[in-house]
């Protein structure tokens, strides 16, 4: 079973970064969550 725990991507222009990476993250099944000056994505369930 493939597992990705954490990925960090730093961009200079948040709007351009969202436009570039949003389609990729959606294809991976991630949901974008916007915050002040940053974006997070989640997919699936977490384990304890």
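Numbering (our numbering), first residue to last: 31 to 78. All residues carry an ideal CB built from backbone N, CA and C; glycine is no exception.
- Leaving out the 5 sequence neighbours to the left and right, which residues in its chain are closer than 6 Å to residue 41 when beta-carbon positions are compared? So the qualifying residues of the chain are 47.
- Message: In this structure, how does DSSP classify residue 54 when only helix, strand and coil are distinguished?
- Response: Reduced to three states, the DSSP call for residue 54 is helix.
- Where residue 70 sits in the DSSP three-state scheme: Strand.
- Item | Whole-Å CB distance - residue 39 paired with residue 51, under 8 Å assumed | 6 Å between Cβ atoms; contact.
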